[in-house]
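Participant:
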Amino acid sequence: MNIQVDPWNISLSLASIILSVGGAIWLFVKHTSEKYIDQQFQKKIEEYKTNLQGVLETKKFDLQRMMLDFNLYRSKKHEIYPELFKLFLKATYGLNNLKNNWDFPLFQLLSKEFVERYLIEKSVGQKEIEYLTDRWLEDEEAAEEKIQDIKYAIKRLETKSVKNDYEVFRNYFLEVELFLSDEGVKVIQEIIQDFDEILENIIYDIFMISYEMDEVLNNKARTDTDTLYKQISLNVDKLKKQFKNELSVAEY
Numbered sequence: 001m002n003i004q005v006d007p008w009n010i011s012l013s014l015a016s017i018i019l020s021v022g023g024a025i026w027l028f029v030k031h032t033s034e035k036y037i038d039q040q041f042q043k044k045i046e047e048y049k050t051n052l053q054g055v056l057e058t059k060k061f062d063l064q065r066m067m068l069d070f071n072l073y074r075s076k077k078h079e080i081y082p083e084l085f086k087l088f089l090k091a092t093y094g095l096n097n098l099k100n101n102w103d104f105p106l107f108q109l110l111s112k113e114f115v116e117r118y119l120i121e122k123s124v125g126q127k128e129i130e131y132l133t134d135r136w137l138e139d140e141e142a143a144e145e146k147i148q149d150i151k152y153a154i155k156r157l158e159t160k161s162v163k164n165d166y167e168v169f170r171n172y173f174l175e176v177e178l179f180l181s182d183e184g185v186k187v188i189q190e191i192i193q194d195f196d197e198i199l200e201n202i203i204y205d206i207f208m209i210s211y212e213m214d215e216v217l218n219n220k221a222r223t224d225t226d227t228l229y230k231q232i233s234l235n236v237d238k239l240k241k242q243f244k245n246e247l248s249v250a251e252y
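The opening position of the sequence shown corresponds to residue 1 in the UniProt record's numbering, with each subsequent residue numbered one higher.
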């Protein structure tokens with residue numbers, strides 16, 4: 001018996017098989033690809049999260065360090081500013097006293113022993129005391145000259161004390177300058193410049209006053225001492241306001 005096979009049906013069957021197999025393969029490839037892509041995506045996400053966490057930890061550490069540094073800086077300013085201003089006022093007070101306080105006893109009415117004790121209290125050296133009180137009040141003209149010498153000796157020692165206080169202030173300023181604002185540094189530098197010039201002038205001023213002279217020979221041009229005092233006084237107020245403003249702002 002002859003069986004006739006329809007070529008068209010065979011072709012359809014083969015096509016159906018091929019399509020089925022192709023579809024299965026395509027679905028497999030699609031599924032595998034999607035799974036691979038998803039795995040790679042998840043891997044990248046995890047890497048990103050890890051990197052992000054590292055960055056966040058670093059930023060957190062940096063922020064904590066910045067806050068610590070800021071608190072230390074603020075604390076240091078609160079320590080430095082009052083101390084610096086205190087040293088400055090001490091030097092300024094001594095400077096004003098050096099210039100304006102010329103209250104002396106009436107030496108011509110005092111005994112040699114009283115004058116000696118007075119000079120010891122003023123820290124005058126023993127040899128200088130012996131010179132200043134030698135033949136005390138035996139001669140009126142010589143006595144007047146000795147009294148002028150006494151005033152000059154005392155003011156000279158006061159000048160030394162003021163210089164020491166000023167050096168303490170200036171050295172402290174140089175040590176802590178990094179913690180000061182630019183505005184504060186500028187004011188203090190102006191004060192130091194005027195202070196230096198006053199100390200250079202003062203030796204001539206006290207000599208003139210001690211010996212009641214109208215002028216002392218000095219070839220170097222110099223700014224009037226009173227003008228320098230006024231400039232310092234203005235800068236005292238300016239510095240005080242500047243420090244108060246900075247310290248109040250630093251609280252926040």
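Here a beta-carbon is modelled for each residue, glycine too, at the ideal position from N, C-alpha and C.
What's the gap between the Cα of residue 237 and the Cα of residue 243?
Facilitator: For residue 237 and residue 243, the distance between alpha carbons rounds to 10 Å.
Participant: Tell me the DSSP secondary structure of residue 238 in three-state form.
Facilitator: It is helical.
Participant: Just to confirm, are residue 235 and residue 177 a CB contact at a threshold of 7 Å?
Facilitator: For residue 235 and residue 177, no; Cβs fall outside 7 Å.
Participant: Can you look up residue 245 in the DSSP assignment and give me helix, strand or coil?
Facilitator: DSSP places residue 245 in helix when its eight states are reduced to three.
Participant: Does DSSP put residue 128 in a helix, a strand or coil?
Facilitator: In the structure shown, residue 128 sits in a helix (DSSP, three-state: H, G or I).
Participant: Measuring alpha carbon to alpha carbon, tell me which residue in 143, 89, 88 and 150 is nearest residue 117.
Facilitator: Nearest option by C-alpha distance: 150.
Participant: Verify whether the separation of the beta carbon atoms of residue 80 and residue 169 is less than 7 Å.
Facilitator: No. Outside cutoff.
Participant: Ignore the nearest five residues each way along the sequence and tell me which others in residue 85's own chain have a CB closer than 8 Å to its CB.
Facilitator: So the list reads 239, 240 and 243, once near-sequence residues are dropped.
Participant: Jot down the residue ranges of each uninterrupted beta strand (DSSP E) in the segment 95 to 182, minimum 3 residues, whole runs only, in chain order.
Facilitator: Runs found: none.
Participant: What do you get for residue 102, buried or exposed, if any count of 16 or more other CB atoms within 10 angstroms of its CB means buried?
Facilitator: Looking at its Cβ environment, which holds fewer than 16 other Cβ atoms inside 10 Å, residue 102 is exposed.
Participant: Only counting the same chain, and skipping five residues up and downstream in sequence, which positions put a Cβ closer than 7 Å to that of residue 67?
Facilitator: Because the pLDDT at residue 67 is just 48, under 50, the model does not fix this residue reliably, and the value given afterwards should be weighed accordingly. Excluding residues within five positions, none has a Cβ falling inside 7 Å.
Participant: Tell me the DSSP secondary structure of residue 223 in three-state form.
Facilitator: It is coil, neither helix nor strand.
Participant: In whole angstroms, what is the alpha-carbon distance linking residue 205 and residue 88?
Facilitator: About 22 Å.
Participant: Could you check whether residue 159 and residue 197 sit closer than 7 Å to each other, using their CB atoms as the reference points?
Facilitator: Cβ distance not < 7 Å, so residue 197 and residue 159 don't count as in contact.
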